[in-house]
Amino acid sequence: MTTNLFSIIIVLGVLVFFHELGHFLVARLFGVGVEKFSLGFGPRIFGRKVGMTEYLVSAIPLGGYVKMVGEEPDAEITDEQRHLSFTHKAVWQRMLIVAAGPVFNLVLAVVIYTGLFGVHGVNGLAPVVGQVVADTPAARAGLAYGDRVTEVGDEPVTLWSDVVEAIESSSGKPLFLTYERAGDTRTVELTPEASTSRNLFGEEVPSWAVGIGPVQDPIIGGIQSDSPAEKAGLKVKDRLLAVDDTPLSVWTDVVTAITGSKGKAVTLLVLRDGKELTVSLTPEQLDGKEGAWRIGIAPYYEVVNKRLGFFGCITEGVAKTWFLGKLMVVGLVKMVKGSIPADLGGPIIIAKMAGDQARVGLSSLISFIAFISINLAILNFLPIPVLDGGHLLFFTIEWITGKPVNDRIRETASQAGMFLLLSLMVYVFYSDIMKLFFK
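Mapping of the sequence shown onto the working numbering: residues 3 to 441, in sequence order.
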């Protein structure tokens with residue numbers, strides 16, 4: 003509990019600081035006076051005034067704010083303050099000041115991911131062929147289990163994801179694939195065929211393929227604590243040969259067999275240290291989800307590390323931030339449409355996740371900060387009054403019409419936006435409590 007509390011304070015502190023720093027720096031860039039820069043809401047704990055700005059740390063660490071001169075349209079401004087007033091700045095300047103907060107959250111994510119890639123590189127599956135589908139370009143070219151791919155289209159590959167990306171980017175044009183087998187290097191020409199794959203939302207999307215997959219042997223690489231697998235005595239590196247006399251060839255066979263058990267006891271045939279043994283266990287339901295069963299094991303993969311240069315780290319940092327941001331936007335749209343369940347996590351879940359990441363290690367916690375920072379940026383860009391996106395909407399209307407939105411309309415919209423946010427907050431708190439204590 004202490005770790006969770008300490009971690010969420012660190013996470014929120016970093017996120018809020020960078021968000022408000024964006025507003026602050028761009029406001030000062032355009033000559034807007036800033037009266038207060040606060041981390042947290044509520045009563046002042048301590049602070050210091052430098053120039054006209056009072057820098058504060060407040061009691062409630064669930065946000066923060068920057069108070070600018072003339073921030074409210076109806077604020078009383080003296081002639082001496084007019085040049086410092088936010089309201090009296092050009093509409094494009096006000097838009098940039100408002101947008102700077104979430105933009106800085108995105109920049110923070112890019113900086114964090116760039117740094118992590120620089121320190122740790124990129125880990126991924128080794129580019130070793132584990133499956134060759136019959137009657138595909140790969141099968142016809144003679145590729146086989148265990149072949150290690152070294153180049154695709156004259157580009158060296160280090161990870162299996164490099165292979166997939168190279169094939170996808172071919173758009174069906176012929177390409178050369180170089181691989182190693184038993185010490186020999188061979189090159190074949192393949193023409194990718196139109197295919198389909200499933201995205202992260204389980205939807206079928208068009209893709210290009212040559213008919214190969216990575217090594218997915220049914221070997222245990224990890225066992226969850228207090229799971230049916232741990233209680234039954236399964237161990238890392240155990241090779242699963244069969245489930246209830248059904249032979250297993252690849253890891254997906256294991257998943258299919260456990261899911262098909264529907265919670266009934268199963269018997270596993272296991273190979274350990276050259277000896278076969280049988281293990282009986284009963285799968286458990288996955289987080290209360292109907293039809294989802296597990297025994298608490300993860301597959302073993304050969305993981306390799308890809309080191310990146312300076313610009314490579316920046317490119318990957320930007321790419322990961324873009325990918326996650328796009329994923330979140332698409333996910334929000336699908337939740338609104340009802341295509342996927344609205345499985346939202348609130349402050350309690352975030353605190354638990356932050357604590358979990360902190361216990362794993364500093365790098366995991368820092369990566370989590372980047373992930374939540376992207377979430378915060380996307381949330382703030384939503385066109386909901388009281389959020390940055392709502393202010394941007396009002397300023398966009400002002401820019402198009404040439405006059406500010408009526409004060410009464412702004413006030414009514416802001417009240418509706420506040421009600422929506424408070425309702426959402428109540429929902430996510432309730433959802434968090436139900437997930438943690440009554441699932």
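Here a beta-carbon is modelled for each residue, glycine too, at the ideal position from N, C-alpha and C.
On the DSSP bridge list, what partners appear for residue i?
i	result
S40	L58, Y67
Q133	G215
A244	P249, L271
F48	V59
I225	I299
I'd like the list of long-range same chain contacts for residue i, defined as Cβ closer than 8 Å, with 5 residues on each side in sequence excluded.
i	result
G419	I386, P387, V388, L389, G392
D163	Here the sequence assigns Ser to residue 163, which means Asp is not the residue at that position. Closer than 8 Å at the Cβ level, and outside the excluded window around S163, lie G126, L127.
Note down, in chain order, each residue of its chain lying with its Cβ closer than 6 Å to the Cβ of residue i, except the 5 sequence neighbours on either side.
i	result
E153	T180
R241	I221, L273
K308	G123, V124, T160, L161
E400	V93, P406
L110	F20, S375
M70	A29, V34, V36, F88
R96	F397
E22	G66, V68
T269	D246, T280, S282
I12	none
P301	G223, W253
P249	none
G333	none
L395	P385
L423	none
Using a threshold of 7 Å, is the CB atom of residue i nearer than that to any non-hydrogen atom of the ligand ZN?
i	result
Y302	With respect to small molecules bound, the structure shown includes none, and the ligand ZN cannot be examined in it.
Of the residues the options, which one's Cα is nearest the Cα of residue i?
i	options	result
S365	A61, L118, L31, V331	L118
L17	I368, I297, Q95, V407	I368
P208	V28, W295, S197, G223	S197
A211	S9, G174, T403, Y303	G174
G404	V93, L41, G53	V93
G262	S251, W295, T269, L243	W295
P176	E182, G24, A168	A168
S40	L236, R50, L31	R50
R46	D81, A102, V59	V59
G235	L424, I99, T284, W253	T284
D219	G15, K322, D81, V256	V256
A267	L27, Q287, D275	Q287
P216	G72, V105, F178, P129	P129
G24	E78, E56, M54, V100	V100
E318	S172, I411, V112	V112
A184	E56, D149, S171, E170	D149
M54	F26, F106, C315	F26
F383	F106, K91, E73	F106
D409	E74, V165, K322, E182	E74
I328	T414, I316, N201	Note that residue 328 is Lys in the sequence shown, not Ile. Ranking the options by Cα distance to K328, first place goes to N201.
L31	R188, K91, E56	K91
F313	E157, D186, T116	T116
K336	E205, E157, D81, F43	E205
T323	E56, T187, L108, G333	L108
K237	D275, L422, K264	D275
Starting from the C-beta of residue i, find all residues in its chain whose C-beta is less than 7 Å away, skip the five residues before and the five after it, and write them out in chain order.
i	result
L326	F373, I376
G298	I225, Q226, S229, P230, A231, E232
R330	The amino acid at residue 330 is misidentified as Arg; the sequence shows Met. I376, N377, I380.
G213	V134, V135, T138, P139, A140, A141
S199	V207, S209
L271	L243, A244, E278, T280
H85	G33
V52	none
R412	F396
S416	P387, V388
Compute the beta-carbon to beta-carbon distance between residue i and residue j, rounded to the nearest angstrom, for a pair I have assumed lies under 8 Å.
i	j	result
E161	V306	As written in the sequence, residue 161 is Leu, which differs from the Glu given in the question. With a Cβ gap of about 6 Å, L161 and V306 count as contacting.
Y452	V131	What is shown of the chain runs 3 to 441, which leaves residue 452 out entirely.
G15	P63	7 Å
E195	F178	Going by Cβ atoms, the distance from E195 to F178 rounds to 16 Å, so no, they are not a contact pair.
G155	S172	7 Å
I371	I79	About 38 Å; that fails the 8 Å criterion.
G44	A61	4 Å
V151	V165	5 Å
Flag residue i as yes if its beta-carbon sits less than 8 Å from any beta-carbon of chain D, otherwise no.
i	result
R412	No chain D is part of this structure, which consists of one protein chain only.
- Query: Which runs of the alpha helix (DSSP H) fall wholly inside the segment 258-314 and span at least 4 residues, in chain order?
  - Reply: Correct list: empty.
- Note down, one range per segment and in chain order, each alpha helix (DSSP H) of at least 4 residues found wholly within the segment 69-143. 93-122, 139-143
- Item | Length-filtered (4 minimum) alpha helix (DSSP H) runs lying within the segment 143-223 | 162-171
- Query: Counting only runs that start and end within the segment 361-393, where is the alpha helix (DSSP H) found for 4 or more residues in a row?
  - Reply: 364-383
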